[in-house]
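Only one structure is covered here, and it is reproduced in the block below.
In structure tokens:
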């Protein structure tokens with residue numbers, strides 16, 4: 001597919017939750033639902049279809065209290081189309097029907113004991129609504145600390161979601177820190193390595209595993225198929241937690257790449273965000289790959305809070321800050337025939353009134369959901385500020401990557417100079433459903449759009 005133009009199809013919409021200082025994790029589902037977790041509660045919002053009231057607020061749809069011991073608390077959450085995973089210090093709770101159940105606590109699919117849970121991610125293929133035609137399966141990855149690495153639990157839908165008895169233990173040799181990010185490769189039929197899982201530690205190590213087929217009731221223990229230490233260049237150092245996100249893209253060739261965003265710190269050699277190919281056929285030494293390529297700071301700035309790649313591998317969306325100003329950017333992502341990735345020199349960019357600048361990837365969440373000829377971008381921070389936009393991409397298919405660039409080719413996207421945009425209301429975070437509270441005046445959050453060049 002040749003990309004001809006990007007344009008704002010619908011409004012760029014900044015909204016906001018009430019200022020809730022104890023929010024410790026956020027997540028966005030493919031259907032536009034937003035979850036905000038406090039140490040003991042999860043609040044759910046229908047951010048895509050919810051209606052604002054006269055005060056300009058979108059109310060809480062559901063507030064869920066998690067019954068935990070006094071020394072336990074929520075650490076991370078993840079939403080898929082049908083499932084909600086809540087990770088505490090000591091357990092994984094997986095729920096079904098979070099959008100429709102009058103009592104979401106009764107839709108518990110699994111309550112699994114976990115040692116030192118730090119991060120969680122869901123990959124779902126198929127849905128409950130289409131399972132008779134396509135089937136429906138899900139995998140939940142839980143990041144721990146140290147060599148124990150990641151546990152992957154599996155679920156299948158057959159009139160209801162059910163946990164499979166087996167799980168995978170993904171080892172992290174040499175690791176002594178917590179896994180701050182875990183994730184899966186997008187479900188793509190052309191992937192040369194099949195299904196992959198990956199993880200990023202707080203000390204900037206990347207691990208990747210090739211996942212095997214279901215092995216019945218047995219636990220599978222897997223060593224990493226590939227890993228890289230981002231701190232290992234001679235006489236150079238990286239700062240703990242400096243890599244703010246890691247996302248995997250599978251491009252036209254079927255080759256996977258990991259794209260890492262960086263919030264650059266003084267004296268660190270990680271000057272900017274970077275990409276690296278995941279080559280499982282080449283023995284990994286663990287040191288920085290010579291194919292690691294930094295992204296020009298004229299395209300992506302030095303201070304990025306988080307990023308995400310669309311499932312079709314066509315787009316990268318990031319949250320970036322410069323001084324006191326924050327921006328959401330969407331870039332076109334392409335694979336070169338001679339290897340590596342390149343980004344469009346023209347990007348979509350709009351301001352976002354972000355309060356939680358130093359929140360980290362678990363508190364600043366961004367998502368991309370593709371449809372025929374368009375995609376939705378949604379971002380939320382720990383203070384509940386949400387921005388969303390629908391972007392038109394004529395001719396794009398949701399599961400179709402764009403063609404690679406030939407050597408020397410530098411085609412770019414044409415973007416509108418004056419897209420239509422408005423502000424809408426805020427989201428409340430009352431302890432009970434349908435209570436709403438305003439925060440800042442709406443016009444203070446009105447976005448602007450600009451086109452910037454490499």
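Residue numbers (UniProt numbering): 1 to 454. No residue lacks a Cβ here, since even glycine has one placed at the ideal position from N, Cα and C. The model shown is predicted, which means the values in this text are computed figures rather than measured ones.
Closer than 7 Å by C-beta to residue 369: which residues in its own chain qualify, once you throw out the five before and the five after it? Chain order, please.
Apart from sequence neighbours up to five positions away, the residues of its chain that approach residue 369 with a beta-carbon distance below 7 Å are 30, 375, 376, ordered along the chain.
Count Cβ pairs between the stretch 185-194 and the stretch 159-172 that sit closer than 8 Å; are there 3 or more?
No: the two stretches stay apart, fewer than three of their Cβ pairs being nearer than 8 Å.
Residue interval of the alpha helix (DSSP H) (run including residue 131)
First-last of the alpha helix (DSSP H) with residue 131: 131-134.
Could you tell me whether the Cβ atoms of residue 90 and residue 113 are closer together than 8 Å?
Result yes, Cβ atoms of residue 90 and residue 113 sit closer than 8 Å.
Leaving out five residues before and five after residue 157 in sequence, what residues of the same chain have Cβ atoms less than 6 Å from its Cβ?
Closer than 6 Å at the Cβ level, and outside the excluded window around residue 157, lie 128, 131, 136.
Per the contact definition of three or more C-beta pairs closer than 8 Å, is the stretch 250-269 in contact with the stretch 191-205?
Contact between the stretch 191-205 and the stretch 250-269 is present, because at least three Cβ pairs lie under 8 Å.
Cβ shell of residue 159 (< 7 Å), same chain only, five flanking positions each side left out
Result list for residue 159: empty, nothing under 7 Å.
Report all residues from its chain with a CB closer than 7 Å to the CB of residue 27; omit the five preceding and five following residues, and keep chain order.
Once the five neighbours on either side are set aside, the close Cβ partners of residue 27 are 35, 77, 78, 79, 365.
Mind reading off the beta-carbon distance from residue 218 to residue 162? Whole number of angstroms is fine, and I expect it under 8 Å.
For residue 218 against residue 162, the beta-carbon gap comes to about 18 Å, at or over 8 Å, which does not count as contact.
Whole-angstrom distance between residue 367 and residue 310, CA atom to CA atom:
Cα to Cα, the separation comes out at about 8 Å.
Flag this pair as yes or no: are the beta carbons of residue 246 and residue 200 separated by less than 8 Å?
Using a Cβ distance threshold of 8 Å, residue 246 and residue 200 count as a contacting pair.
For the beta strand (DSSP E) that residue 162 lies in, which residues bound it at each end?
Under the DSSP assignment, residue 162 falls in the beta strand (DSSP E) whose first and last residues are 161-170.
For residue 183, does the three-state DSSP call read helix, strand or coil?
Strand, per DSSP.
Are the beta-carbon atoms of residue 39 and residue 74 separated by less than 8 Å?
A contact, by the Cβ cut-off of 8 Å.
Flag this pair as yes or no: are the beta carbons of residue 140 and residue 94 separated by less than 8 Å?
Between residue 140 and residue 94, the C-beta spacing is below 8 Å.
Of the residues 331, 312, 303, 307, the one placed nearest residue 510, counting alpha carbons only:
Here the chain comprises residues numbered 1 to 454, so residue 510 is not present and cannot be evaluated.
Does DSSP put residue 262 in a helix, a strand or coil?
Residue 262: strand per DSSP, three-state reduction.
Within 10 angstroms of the Cβ of residue 108, are there 16 or more other Cβ atoms? Answer buried if so, exposed if not.
When all chains shown are included, residue 108 counts as exposed.
CA-to-CA distance, residue 25 to residue 119, given in whole angstroms:
Residue 119 and residue 25 have their C-alpha atoms spaced approximately 10 Å apart.
Here's the rule I'm using: 16 or more other beta-carbon atoms within 10 Å means buried, otherwise exposed. How should residue 168 be labelled?
Within 10 angstroms of the beta-carbon of residue 168 lie 16 or more other beta-carbons, which makes it buried.
Residues near residue 126 by beta carbon distance below 8 Å, same chain, minus five either side:
So the qualifying residues of the chain are 134, 135, 136, 137, 157.
Where residue 203 and residue 227 are concerned, what is the direct C-alpha to C-alpha distance, given to the nearest angstrom?
C-alpha separation (whole angstroms): 13 Å.
Thinking just about the alpha-carbon of each residue, which of 100, 32, 386, 23 is nearest to the one in residue 351?
With distances taken between Cα atoms, residue 351 lies closest to 386.
Name the residue from 390, 255, 43, 340 whose alpha carbon lies nearest to the alpha carbon of residue 317.
It is 390.
Residue from 179, 222, 292, 274 whose Cα sits closest to the Cα of residue 241:
Nearest of 179, 222, 292, 274 to residue 241, Cα basis: 179.
Would residue 211 pass as a contact of residue 230 if the rule is Cβ separation under 8 Å?
Not closer than 8 Å, so no.
Taking the beta strand (DSSP E) that residue 376 falls in, what are its first and last residues?
Per DSSP, the unbroken beta strand (DSSP E) holding residue 376 starts and ends at 374-380.
Considering only DSSP beta bridges, list what residue 227 is partnered with.
Answer is 207.
Measure the Cβ-Cβ separation of residue 327 and residue 320 and say whether it is below 8 Å.
The answer is yes: Cβ separation under 8 Å.
Just the Cα atoms here: how many angstroms apart are residue 254 and residue 191?
For the pair residue 254 and residue 191, the Cα-to-Cα distance works out to about 4 Å.
Give the straight-line distance between the Cα atoms of residue 148 and residue 392, rounded to the nearest whole angstrom.
In a straight line, the C-alpha of residue 148 is about 43 Å away from that of residue 392.
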